[in-house]
Amino acid sequence: MQFFTLAENALMLQLGDKVNTALHQKLRHIQKSIDRLQNPAIIETVIGYTTLVIYFDPFQTSHREIKRILSHCIDQTSSMINSQPSTIHQIPVCYEDSFSPDLSYVATTNGLTKQDVIKRHTDNTYLVHFIGFSPGFPFLGGMDLSIATPRKTRPRMNIPKGAIGIAGGQTGIYPSSSPGGWQIIGRTPIELVDLSNEQSTLLRAGDQLRFYAISKQQYLEWSGGKRSK
Numbered sequence: 023m024q025f026f027t028l029a030e031n032a033l034m035l036q037l038g039d040k041v042n043t044a045l046h047q048k049l050r051h052i053q054k055s056i057d058r059l060q061n062p063a064i065i066e067t068v069i070g071y072t073t074l075v076i077y078f079d080p081f082q083t084s085h086r087e088i089k090r091i092l093s094h095c096i097d098q099t100s101s102m103i104n105s106q107p108s109t110i111h112q113i114p115v116c117y118e119d120s121f122s123p124d125l126s127y128v129a130t131t132n133g134l135t136k137q138d139v140i141k142r143h144t145d146n147t148y149l150v151h152f153i154g155f156s157p158g159f160p161f162l163g164g165m166d167l168s169i170a171t172p173r174k175t176r177p178r179m180n181i182p183k184g185a186i187g188i189a190g191g192q193t194g195i196y197p198s199s200s201p202g203g204w205q206i207i208g209r210t211p212i213e214l215v216d217l218s219n220e221q222s223t224l225l226r227a228g229d230q231l232r233f234y235a236i237s238k239q240q241y242l243e244w245s246g247g248k249r250s251k
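In terms of the working numbering, the sequence shown opens at residue 23 and continues consecutively.
Okay, structure coming up:
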């Protein structure tokens with residue numbers, strides 16, 4: 023466990039240097055403990071794979087006080103791990119050719135068939151470590167590393183909304199159309215961002231999800247914008 027001063031109004035806690043579910047769960051509990059304090063001097067908490075950054079008003083508090091609050095929350099949450107199950111989302115994905123331009127490449131790179139890649143991609147339960155890159159984009163842990171594939175050397179100028187990609191040992195979902203260099207292996211009809219809802223993003227850090235395969239016809243018949251249940 024280490025503390026780093028990032029700026030006059032930011033302190034970072036780092037727990038270890040390897041991504042794992044137990045570590046992330048502890049970070050989530052610490053974040054929730056801090057948020058429950060509703061301390062007016064704390065502006066925002068931002069979670070990463072192994073880090074938690076606290077942004078605060080330097081006119082109301084100090085790095086020393088934030089470090090004291092963090093240390094107290096760490097002590098408090100040590101006994102809370104595994105006490106609260108996270109939300110599990112079921113995400114439909116069409117892996118057929120018109121939605122998976124890089125599925126063959128991922129399969130060939132790893133000495134697998136396309137069906138092998140689909141099976142291994144849908145077999146696991148994934149943890150949402152954090153949301154970033156673009157609004158609603160989930161960085162997921164738990165992918166089978168036998169389908170890990172480097173990201174593209176030249177990113178595409180436009181990745182369609184709902185595209186499912188692989189980059190190294192990570193998989194993720196593009197919530198909106200954007201440039202990107204991930205290897206695209208499928209697409210979901212699920213909307214990840216809905217600004218008309220109080221919770222504008224479907225997924226939040228700490229949630230879990232599973233992918234399941236659907237046909238192209240099922241994808242086309244899916245009523246636009248349905249969220250998973």
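Using N, Cα and C, we set each Cβ at its ideal position, and we do this for glycine too. Because the structure is a prediction, the values reported are computed rather than measured.
My output table needs one value for residue i: the three-state DSSP class, helix, strand or coil.
| i | result |
| --- | --- |
| Glu87 | helix |
| Ile169 | helix |
| Arg249 | With a pLDDT of only 46 at Arg249, under the threshold of 50, the placement of this residue in the model should not be trusted; the figure read from the coordinates follows. Note: Arg249 maps to coil in three-state DSSP. |
| Ser120 | helix |
| Ser105 | Here Ser105 scores only 47 on pLDDT, less than 50, and its place in the model is too uncertain to base an answer on. |
| Ser218 | coil |
| Tyr148 | strand |
| Glu243 | helix |
| Ile188 | strand |
| Ile212 | coil |
| His36 | Contrary to the premise, residue 36 reads as Gln rather than His in this sequence. Gln36 falls in the strand class under three-state DSSP. |
| Leu162 | strand |
Which two residues bound the contiguous beta strand (DSSP E) that contains residue i?
| i | result |
| --- | --- |
| Leu59 | Unbroken run through Leu59 is the alpha helix (DSSP H), Thr43 to Leu59; no beta strand (DSSP E). |
| Tyr234 | Gln230 to Ile236 |
| Ser156 | That residue, Ser156, is in no beta strand (DSSP E); it is neither H nor E in DSSP. |
| Ile64 | Ile64 to Ile69 |
| Arg178 | Arg178 to Ile181 |
| Phe25 | Gln24 to Ala29 |
If you count every other CB in all the chains shown that lies within 10 Å of the CB of residue i, and 16 or more means buried, which is it?
| i | result |
| --- | --- |
| Pro114 | buried |
| Gly133 | exposed |
| Tyr234 | exposed |
| Glu220 | exposed |
| Phe78 | buried |
| Phe81 | exposed |
| Ile186 | buried |
| Thr130 | exposed |
| Thr43 | exposed |
| Ile65 | exposed |
Inspect the beta-carbon positions of residue i and residue j and report whether they are closer than 9 angstroms.
| i | j | result |
| --- | --- | --- |
| Leu35 | Leu45 | no |
| Tyr196 | Phe159 | yes |
| Gly190 | Thr210 | no |
| Pro182 | Ser156 | no |
| Lys40 | Thr99 | no |
| Ser122 | Gly208 | yes |
| Gly202 | Arg178 | yes |
| Leu225 | His94 | no |
| Gly194 | Phe161 | yes |
| Ile212 | Ile188 | no |
| Tyr117 | His143 | yes |
| Leu92 | Ile69 | no |
| Gln47 | Gly228 | yes |
If I follow the unbroken alpha helix (DSSP H) through residue i, where does it start and stop?
| i | result |
| --- | --- |
| Tyr77 | Premise fails: Tyr77 lies in the beta strand (DSSP E), Thr73 to Phe78, not in any alpha helix (DSSP H). |
| Ser199 | That residue, Ser199, is in no alpha helix (DSSP H); it is neither H nor E in DSSP. |
| Leu125 | Leu125 to Thr131 |
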